[in-house]
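Working notes for the structure below.
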Amino acid sequence: MIYQVYLQSFADGNADGVGDVAGLRSRIGYLSGLGIDAVWITPWFRSPLRDAGYDVADYRAIHPRYGSVDEGRELIDECHAAGIRVILDIVPNHTSSDHPWFAAALNSPPGSAERARYHVRAGRDDGTSPPNDWLSVFGGPAWTRVDDGEWYLHLFDSSQPDLNWDSAEVRSEFEDILRFWFDLGVDGFRIDVATALVKAPGLPDLGYPDGAFLADLTRADHPHRDRDEVHEIYRDWRKLADSYDPPRMFAAEAWLDDPDRLSRYVRPDELHTTLNLYYLKSAWTADGMRRAIDASIAATSGVGAPTTWALSNHDVERVVTRYGRDDTRRRPGVSGPELGPVDERLGRRRARAAALLTLALPGSVYVYQGDELGLADAHVPEQARQDPIWIRSRGRRWGRDGARVPLPWTPDGGSFGFGDDGAWLPQPPGWGAHAVSSQAGDDSSFLELYRSALSLRRAHPALGGTGEVRWCEAPRDDVLVFTRDPGFGCVVNFGPAPAPIPLDGRVVLVSDHGTGEGEVPAHGAVWLDLRPEDRA
Ligand code: NOJ
């Protein structure tokens, strides 16, 4: 299980209201007690933080707000001593506009080698319109004009200029950055927007009406997503990772709806895993989840790679919130009240069942910090919002701040134990009710459900690793039943009424108590040990 640490919201070690390396180091005990295998730390590099660090100004330095490279090295060593591997986040599609390369590009004339590291070119209509019709994922055009009249491309915020991966210099620079961190002991990287690095020659128009590209990244010959040439880059990176002992690993962030296209990133000579965003987006229905599971396993096993699973991350609504709605699909571009009301009690029940479903599947599971506490999205007042999505869409899209609010560690205190002096995003009243220390030791809590599931996942020979999911006949359409060898069963009830357990075995974990024996609770799940008692 890989635990996603959103560093600025995990734990604050120096009382400035922002999470940091010192805070993370002070909580390694919590992470090993949870039973995780690895941490993925979101970007900690030097950055003006216009997109929470996904705008990097120096890839070989840790932002002083978070710590120093020396502290980073100590963290890595301490994690390793606790049996936890460390995965960082590399951002190769774009730099920050504060990166020295971009400053050099702006200070150099059109056509210069400095500009060739980015996509900078003349506009249309005598230079007054952007060079093509591409839009920023965060809203508005994907082009910004510079003083001498040329335009630069940014698929995200204007502070995130896209690099030109046709440049040999860009390629060798990133290999060097990877080496820098691998040499320091880092075990792997999550690759940000892994599908976008290569653009079509000539940067042709997309030809879609406003915003539609967000919904269709799988169209054939898309000019800035999933181009065949991107795989060459990852083949080179794989060789680099394999030159280390032990070999280092990669996980691609790839928002592709087509599991087969996704599986191309994890062919034997490319990346090791992709983050399974297809599973994350699916509706919480028996049909929807089964389809997502089958398609994901089929796609990755076709190329001999393990599957991964995630229910949420720092870019989407928390799972309790999404599952508390009538429509439980992730709906990109729709936000706030447009999504409809949330029943958090229902969302929590479903999220507990989803945790058991997910942790029972073969492959690796990514858990976003706070999901193990059952946190819902927090309401962040308008004046406190920081996400560039909120800013660039001029308040039309709410952005992702609600899922990024600092964690509650204790039931009270200035920032509920997050640090000594407030929190960079306001924590809502009542946040302390979900605190780690309040949940620890309470068998009915979210945290203890996660701990139990993770410890069983390590102990039971059928769980984790590879292996098949064998679907069994279910008592109703809104129930899923599967077994894994040897001797494990999982029953998930998506419906509002308890359902009979159709497997013969001992219940070892149940998502919610209070249901009759032999039943799986409404909106719930159970794990069963199907081995004869003397072999369990
Ligand atoms: C994906 C990251 O997860 C997200 O937080 C970021 O805004 C974009 N990539 C741009 O780097």
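107 is the number of the first residue of the sequence shown in our numbering; add one for each residue after it.
Quick reminder that beta carbons are idealized off the backbone N, C-alpha and C, glycines included.
Note that the coordinates shown come from a computational prediction; the quantities given were computed from them, not determined experimentally.
Just so you know, the alpha carbons of I142 and L386 end up roughly 20 angstroms apart. Taken from the Cβ of F151, every heavy atom of the ligand NOJ lies 7 angstroms or farther away. Selection V426, G520 and R503 evaluated against A484 yields V426 as nearest (Cα-Cα). Cβ contact annotation for D366 (same chain, cutoff 7 angstroms, sequence separation greater than five): A405, in chain order.
In the DSSP assignment, N599 forms a beta bridge with V585 and G630.
At least one heavy atom of the ligand NOJ lies closer than 7 angstroms to the C-beta of F262. Within the stretch 418-496, the runs of beta strand (DSSP E) that reach at least 3 residues and sit entirely inside it are, in chain order, 470-474. DSSP, reduced to helix, strand and coil, places D164 within a strand of the structure shown. In the structure shown, the three-state DSSP call for I196 is strand. A straight line joining the alpha-carbon of A188 with that of L362 spans about 35 angstroms. Spatial neighbours of Q475 in its own chain (CB-CB distance under 8 angstroms, excluding positions within 5 residues in sequence) are listed in chain order as Y109, Q110, V111, Y112, S115, F116 and L513. Excluding its 5 nearest sequence neighbours in each direction, D164 has C-beta neighbours in its own chain below 7 angstroms: F151 and R152, listed in chain order. The residues P149 and S153, in chain order, have a CB closer than 6 angstroms to that of G159 in the same chain once the five nearest residues on each side in sequence are set aside. By the beta-carbon neighbour count (other beta carbons within 10 angstroms, threshold 16), H186 is exposed. The alpha-carbon separation between L417 and Q533 amounts to approximately 22 angstroms. Within the model, the alpha-carbon separation for L259 versus R455 is close to 44 angstroms.
DSSP places A210 in no beta strand (DSSP E) but in the uninterrupted alpha helix (DSSP H) bounded by P206 to L212. Comparing alpha-carbon positions, the option among R510, P447, W343 and R557 lying closest to E478 turns out to be R557. Looking at the DSSP output, G294 shares a beta bridge with I193 and M355. With contact defined as three or more Cβ pairs closer than 8 angstroms, the stretch 567-580 and the stretch 537-553 are not in contact.
Secondary structure of T201 (DSSP, three-state): coil. For the ligand NOJ, no non-hydrogen atom lies closer than 7 angstroms to the CB of V422.
T406 carries a helical assignment under DSSP once its states are collapsed to helix, strand and coil. Its chain contains S235, P236, P237 and W257 as the residues whose beta carbon lies nearer than 6 angstroms to that of G229, once the 5 sequence neighbours on both sides are disregarded; these appear in chain order. As computed with DSSP, L615 is found in a beta bridge with W633. Boundaries of the alpha helix (DSSP H) around Q545: V542 to Q545. Under the 8 angstroms Cβ criterion, the stretch 213-227 counts as touching the stretch 262-279, having at least three qualifying pairs. If you ignore the 5 residues before and after R502, its C-beta comes within less than 8 angstroms of the C-beta of G245, all in its own chain and listed in chain order. Rounded to the nearest whole angstrom, the C-alpha separation of R397 and A411 is 19 angstroms.
Setting aside the 5 residues that flank it on each side, A461 is surrounded in the same chain by L555, Y556 and A559, each with a C-beta closer than 7 angstroms to its C-beta; the list follows chain order. V486 has its CB no nearer than 7 angstroms to any heavy atom of the ligand NOJ.
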